[in-house]
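Visitor: Okay, handing you the structure first.
Protein chains: 4
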Amino acid sequence: MNLEAILDGVRADVSGHIGEGKVADYIPALAKVDPSKFGMAIVTVDGDAFTIGDAAEPFSIQSVSKVFTLTLALGRVGEGLWKRVGREPSGTPFNSIVQLEQEHGIPRNPFINAGAIVVADTLLSGHEPRETLGEVLSFMRHISGDEGIVIDREVARSEQQTGFRNAALANYMFSFSNIHNPVEKTLGVYFHQCALSLSCIQLAKAGLFLANNGKLGGSNHSVVSAERARRINALMLTCGHYDASGDFAFRVGLPGKSGVGGGILAIAPGRAAIAVWSPGLNANGNSATGTRALESLARRTGWSIFG
Amino acid sequence: MNLEAILDGVRADVSGHIGEGKVADYIPALAKVDPSKFGMAIVTVDGDAFTIGDAAEPFSIQSVSKVFTLTLALGRVGEGLWKRVGREPSGTPFNSIVQLEQEHGIPRNPFINAGAIVVADTLLSGHEPRETLGEVLSFMRHISGDEGIVIDREVARSEQQTGFRNAALANYMFSFSNIHNPVEKTLGVYFHQCALSLSCIQLAKAGLFLANNGKLGGSNHSVVSAERARRINALMLTCGHYDASGDFAFRVGLPGKSGVGGGILAIAPGRAAIAVWSPGLNANGNSATGTRALESLARRTGWSIFG
Amino acid sequence: MNLEAILDGVRADVSGHIGEGKVADYIPALAKVDPSKFGMAIVTVDGDAFTIGDAAEPFSIQSVSKVFTLTLALGRVGEGLWKRVGREPSGTPFNSIVQLEQEHGIPRNPFINAGAIVVADTLLSGHEPRETLGEVLSFMRHISGDEGIVIDREVARSEQQTGFRNAALANYMFSFSNIHNPVEKTLGVYFHQCALSLSCIQLAKAGLFLANNGKLGGSNHSVVSAERARRINALMLTCGHYDASGDFAFRVGLPGKSGVGGGILAIAPGRAAIAVWSPGLNANGNSATGTRALESLARRTGWSIFG
Amino acid sequence: MNLEAILDGVRADVSGHIGEGKVADYIPALAKVDPSKFGMAIVTVDGDAFTIGDAAEPFSIQSVSKVFTLTLALGRVGEGLWKRVGREPSGTPFNSIVQLEQEHGIPRNPFINAGAIVVADTLLSGHEPRETLGEVLSFMRHISGDEGIVIDREVARSEQQTGFRNAALANYMFSFSNIHNPVEKTLGVYFHQCALSLSCIQLAKAGLFLANNGKLGGSNHSVVSAERARRINALMLTCGHYDASGDFAFRVGLPGKSGVGGGILAIAPGRAAIAVWSPGLNANGNSATGTRALESLARRTGWSIFG
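Residue numbers (our numbering), protein chains in the order written: chain R, 170 to 476; chain W, 170 to 476; chain F, 170 to 476; chain Z, 170 to 476.
If you want it as structure tokens, here you go:
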């Protein structure tokens, strides 16, 4: 399969749609991103990498980070994590608090904000946020094989100053004893993980283990077991795009996780990890052109997991 | 792959769990089913069939029928169907009416009751229920290659006499103009499709086109396009098990659709269709031992779509 | 107190607002009502009557009828009624089905549609709708002292043909065993009671027992005990205006019950019953100018029950 | 009317029920209160006071304080307050966050927690919590004519340490721009106002202006206008007992406001203010025996506002 040619085809398919959607503007650092950016990277399980556009330019991965903190937390506490967070699609927006009230402080899944805050709380477990964030950063650098990955402190600070709804979620779950550390510390970890800054090529490399039976690309080193990789992929498929997860599965047919920075990580099991970046968001808060590009890629490659 | 040996392994895995769960008892015809029944059938895209247990005994497929009426309706009205029914997991029980109020009479997906009632309404479109049901029956016989498939009239009659919650859903959607035929007629179609009676082997054959790029087994005859087959599979994955769809994807990793009769149809794209039957249901209304058997099968075959 | 002069003052207060609001248009019989109609009647516990405007013209009292069927049902089954219907404001629109799902088929109060349908079901209790409606009509004629009160058959027929949301509510409650008669019969009673046609003067006379310690005006004949009259007044105050009950209490300060025909019955305990009619409805489905007129009347008379 | 004899009758009516219900135990300071306490005080508009039991012993008035901060806030910002908080019963528990999400951060009424936090925010308006609390305390001392009223600092500190659900509500409303001061400061005011400590006799005196057309007892000094007093009474009637407001109106028939400390303030317009205290709470979080005592009092005096 000529992935270079396929990427050219994808570019042709989306060229009339670059800049569509609405850039997230709730913090200045995100609002000022150039809406015409577009990048895509494919890293295959054989270790080959293919890119188009702005694939080497770092962007704020935001909620895509939830995939990696979930992986870390499962490594730390194992399947016991599922006592504190569910595995079902939510049927509600990413920051809804209604479901928490009806289900007594247990978030529906680890990819909505409330669930990711619980995951961050798990990682913290009595340590200082600085230590936990150091661990997250080491993990990202390790799995991507790139020591250059950083957290954007300006973004993190802005998140912290405007994150009152996330503070509401955290305090609310604390009242149900489902946050175990001081709320400010748990939120500190959460806001900083969202501020991780990666390029498409770094992000695809970081996610490759999910396409590669849990192993690092070009090695036999296991990040997680093959079964756990499958399960994380299943969660991405059912819950990775908030209340548009069904639509993404229908149109693209690959496990994926989006972020409000306009990035999406998608996994073609046994084949490749794909990262795409285009800042404009659709009505559900997912990258408009990024989704379109993945739809084109899935059609051109036949990589859909559904046949 | 020795599917015969694998089925023996599955049987061994579940043997201590036959009879677990609670048999649906809202109508006498379902309540009197022997809870110790267990059958499983695999039909591969090459046309081979493998069975264990009570795989030849017909049972009430109930909501599994929603997969087939959806297929028919898409053939009839095409993608325009999605104006009247969504494609997102619901986050609520199968017969919830709350979501309908919040979303103005548009059901979340075609696999919850409200959505399947809209699909039935689409099929009816001005005809008499008898004609539409004749068409459904012809379709089932055609895709399974089995003229012996019937509708259990006793079950249908019982459903009709006790289906007040479904009547509520239908009247409610009618008030939003999302049911176009007289409510009784649409419900007549719906209650009868749920009463379709198939054995595991018939059900696996009927579902095979979804594993086979939309084509009938052992032929080049297309039931639907390959793309449509993928999309129906995607819907089964995200929405096929009501509010336990995420859990089924996590544990089994195959598109599937369950019914309260204890049957589940699962699809391994490019490989096989699998049907399992065990009447006892878990708390979410899905076959307890059937789910367990599919989990075992997916592990033993490595057929998970997630890696 | 010169009630004649006060009514003139009220008329002056509302004169610039006649015709405001939106006439209910879900059935033709209501849609064709002249929006410029305005009438008001006060009947005191001493038996004096005062009117302005179109106070002698019959209109469809719709949900105001719920006060009278509740009175009849309490007479029939006593306080046991409260096992099947609550006494709390709903916090939702008049025809919401959400609350019913959360509270297992028990409507919040007898003045939302679901609650009034349960009340109608109580009255029916095995009889034919025709008999029950005869009883309702006799009761209305008895308490108003006016044999001319009738049910508008055209309105009732229209309601029946368009009442799919009410049919949804009834079927839904039936599925929770909170409707005991065949759904069509219970709905038949409900749709016909809503089609009762009374003038302001007839309506004020019919409601007078609630202002008069449960007794008919100018007599010692008790319709209900003084305690029951107080309790019905309390329910009207907290639940009589759907999701605007708080606002009506705040602005008017009298127990009241509205209907989509534009009528409102208000009670000044120990003093008088007041009926007002103006077809245009506000956003909450209550008569816009009728509410304004009662606000003016309460201010001018000092009849607020709150001081 | 011999109120002394009536209070003796009330005492007889409730004597077998002293100690019923469950004492609030979410903070130690409340949990350690003796459940067998019972006190009641009536202060008439003529200035006479009648008491039974522990009517002179201070207790934590908790949410009863919401009546007084609302009064202060209306004095400060006038009817503009209603842009930030509604006037409708909520149909949900006192600390529900669901309604806030559906209604975009506008609490349903000033007597649920979220509403009272907005009211506290209004009072704060840029000042330091200490100053605002000084003002609240002055107001309480002024209207009760008792300089001995204090805030229980231990209770306030406990509230602050355990108030994560209230912190969730405040952060959530902040995210909708309906809290204008730093969340900690607004919560500081709220937690301290809840810790106001008054005896029944002090509380009845403080509330007397609501029974007295807005005027202080035995004087012509207006705390609020007669119209505002009526409106606050209306709010107490429809919203003063959380999701049991309808039941309280039905059984007692007086405007009232309860607190989890077991106190209730009730108003008999034109007649008297009544305070009752009994720490055991019913399922809705209102004083069990306190409600019973008020029911007895209303029956014995005939003070119901409903006839």
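For glycine and all other residues, C-beta sits at the position ideal for the given N, C-alpha and C.
If L241 (chain F) and F308 (chain F) are in contact, beta carbons under 8 Å, what's the gap, nearest whole angstrom?
Guide: 6 Å
Visitor: Could you give the DSSP three-state label for M342 (chain W): helix, strand or coil?
Guide: Taken through DSSP and simplified to helix, strand or coil, M342 (chain W) comes out as helix.
Visitor: I need the boundaries of the alpha helix (DSSP H) containing F219 (chain R), first residue and last residue.
Guide: Note, F219 (chain R): premise wrong, no alpha helix (DSSP H); beta strand (DSSP E) at 218-222.
Visitor: If you measure beta-carbon to beta-carbon, which residues of the stretch 266-290 of chain F are closer than 9 Å to chain W?
Guide: Residues of the stretch 266-290 of chain F that bring their beta carbon within less than 9 Å of a beta carbon in chain W comprise I266, V267, L269, E270, Q271, in sequence order.
Visitor: Could you tell me which whole beta strand (DSSP E) segments of length 3 or greater appear in the stretch 363-388 of chain F?
Guide: 365-367, all fully within the stretch 363-388 of chain F.
Visitor: Assuming K235 (chain W) is part of the alpha helix (DSSP H), what are its boundary residues?
Guide: 234-246
Visitor: Strictly below 7 Å CB to CB, what residues from chain R border S344 (chain Z)?
Guide: F333, R334, A337
Visitor: Measuring alpha carbon to alpha carbon, tell me which residue in F:G432, F:D194, F:N350, F:L172 is nearest S294 (chain F).
Guide: F:N350
Visitor: Is there contact here, the stretch 396-412 of chain Z with the stretch 411-418 of chain F, by at least three beta-carbon pairs under 8 Å?
Guide: The stretch 396-412 of chain Z, when compared against the stretch 411-418 of chain F, does touch it at the 8 Å Cβ threshold.
Visitor: Can you give me the C-alpha to C-alpha distance between A373 (chain F) and S366 (chain F), rounded to a whole angstrom?
Guide: 13 Å
Visitor: Closer than 8 Å by beta-carbon distance: list the chain R residues that pair up with N340 (chain Z), in chain order.
Guide: Within chain R, F333, R334, A336, A337, N340 have C-beta atoms less than 8 Å from the C-beta of N340 (chain Z), given in sequence order.
Visitor: By Cβ distance, which residues of its chain are closer than 7 Å to I474 (chain R), with the 5 residues on each side in sequence left out?
Guide: G422, L423, P438
Visitor: Can the beta-carbon of T291 (chain F) be found closer than 8 Å to that of R245 (chain F)?
Guide: yes
Visitor: Which of the three DSSP states is assigned to V287 (chain F) in this structure?
Guide: DSSP places V287 (chain F) in the helix class (H, G or I) of the three-state scheme.
Visitor: By Cβ distance, which residues of its chain are closer than 6 Å to K426 (chain F), with the 5 residues on each side in sequence left out?
Guide: For K426 (chain F), where only same-chain residues beyond five positions count, the Cβ hits under 6 Å are V233, V236, M405, G409, L434.
Visitor: Would you report the Cα separation of D215 (chain Z) and F280 (chain Z), rounded to the nearest angstrom?
Guide: 29 Å
Visitor: Could you give the DSSP three-state label for M209 (chain R): helix, strand or coil?
Guide: strand
Visitor: Where does I312 (chain W) sit, in a helix, a strand or coil, going by DSSP?
Guide: helix
Visitor: Consider the Cβ of I474 (chain R): report whether some Cβ of chain W lies at a distance smaller than 8 Å.
Guide: yes
Visitor: So, S344 (chain R) versus A210 (chain Z), is the Cβ gap smaller than 8 Å?
Guide: Not closer than 8 Å, so no.
Visitor: Classify G249 (chain Z) as helix, strand or coil using the three-state DSSP reduction.
Guide: helix
Visitor: Name the chain W residues whose beta carbon is nearer than 8 Å to that of C408 (chain R)?
Guide: G415
Visitor: E500 (chain W) touches chain R at which residues, Cβ-Cβ below 8 Å?
Guide: Nothing about residue 500 (chain W) can be reported from this structure: the residues present for chain W run from 170 to 476 only.
Visitor: What are the residues of the stretch 390-405 of chain W that lie near chain R, defined by any Cβ-Cβ distance shorter than 7 Å?
Guide: A395, A398, R399, R400, N402, A403, L404
Visitor: Inspect the CB distances between the stretch 260-277 of chain F and the stretch 460-468 of chain F and report whether three or more fall short of 8 Å.
Guide: Short answer: they don't touch.
Visitor: Three-state secondary structure (DSSP) at L450 (chain F)?
Guide: strand
Visitor: Nearest to A198 (chain Z) by CA position, among Z:L385, Z:C369, Z:F228, Z:S205, is which residue?
Guide: Z:F228
Visitor: State the Cα-Cα distance for the pair R397 (chain R) and S327 (chain Z), rounded to the nearest angstrom.
Guide: 43 Å
Visitor: DSSP three-state label for S391 (chain W), please.
Guide: strand
Visitor: So if DSSP puts K191 (chain F) in a beta bridge, which residue, or which two residues, is it bridged to?
Guide: F:L450
Visitor: For the beta strand (DSSP E) that contains I433 (chain F), what are its first and last residues?
Guide: 432-437
Visitor: Go ahead and label Q371 (chain W) buried or exposed: buried means 16 or more other beta carbons lie within 10 angstroms of its beta carbon, across all protein chains shown.
Guide: buried
Visitor: Thinking N335 (chain W) and I286 (chain W) are a contact (beta carbons under 8 Å), I'd like their distance in whole angstroms, please.
Guide: In this structure N335 (chain W) is in contact with I286 (chain W), their Cβ atoms being roughly 7 Å apart against a cut-off of 8 Å.
Visitor: Can you tell me which of the three DSSP states K354 (chain F) falls into?
Guide: helix
Visitor: Measure the beta-carbon distance from F419 (chain Z) to R400 (chain F) and round it to whole angstroms, keeping in mind my assumption that it falls under 8 Å.
Guide: 5 Å
Visitor: State buried or exposed for M342 (chain Z), treating a residue as buried only when at least 16 other CB atoms are found within 10 Å of its CB.
Guide: buried
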